[in-house]
Amino acid sequence: MSETTTASGTWNAVCSLEELTVERGAAALVDGVQMALFRMPDDAVYAVAQRDPFSGSNVMSRGIVGTRQGEPTVAGPLYKQVFSLRTGACLERAGYEPVDGDGDLPTWPVQVVDAEVRVQTSHTRQAQDVKS
0 MSETTTASGT WNAVCSLEEL TVERGAAALV DGVQMALFRM PDDAVYAVAQ
50 RDPFSGSNVM SRGIVGTRQG EPTVAGPLYK QVFSLRTGAC LERAGYEPVD
100 GDGDLPTWPV QVVDAEVRVQ TSHTRQAQDV KS
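Under numbering that gives the first Met the number 0, the residue at position 69 of the sequence shown is numbered 68, and the numbers go up by one with no gaps.
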């Protein structure tokens with residue numbers, strides 16, 4: 000896979016569209032950041048942080064994909080908080096408080112070019128870097 004750098008960041012080739020299962024998550028390490036990728040029935044792909052802000056665990060790719068009033072969502076697999084896949088906003092806290100930040104998931108722009116999924120990262124990380 001390749002990468003392309005622009006003024007707004009770097010587009011990192013992550014996988015082919017066919018490698019992502021519709022309505023299932025896949026974990027990816029992109030530019031040193033753990034992300035969860037989700038492919039929807041219309042072939043839209045979303046990238047959010049793999050780290051669940053409510054449990055502190057890297058599990059979001061195991062979340063339950065759905066929709067809420069037309070908004071694509073993922074529910075955290077541990078405590079079932081519901082997040083927008085478009086914005087990362089936590090739509091339902093399910094009675095818990097986040098252990099990280101404000102409870103929203105960082106998101107990254109995604110594009111599909113010639114069936115190749117690319118995620119844009121910037122020089123300032125939006126999510127916690129992978130610890131060695």
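Even for Gly, the Cβ is constructed at its ideal location relative to N, Cα and C.
Note that this is a predicted model, so its numbers are computed, not measured.
Residue 15 is bridged by DSSP to 115. In this structure, the beta-carbon distance from residue 65 to residue 24 does not fall below 8 angstroms. Taking the C-beta atoms as reference points, residue 115 is found nearer than 8 angstroms to residue 15. When the beta-carbon positions are compared, residue 52 and residue 21 stay at least 8 angstroms from each other.
Bridge pairing for residue 59: absent [DSSP].
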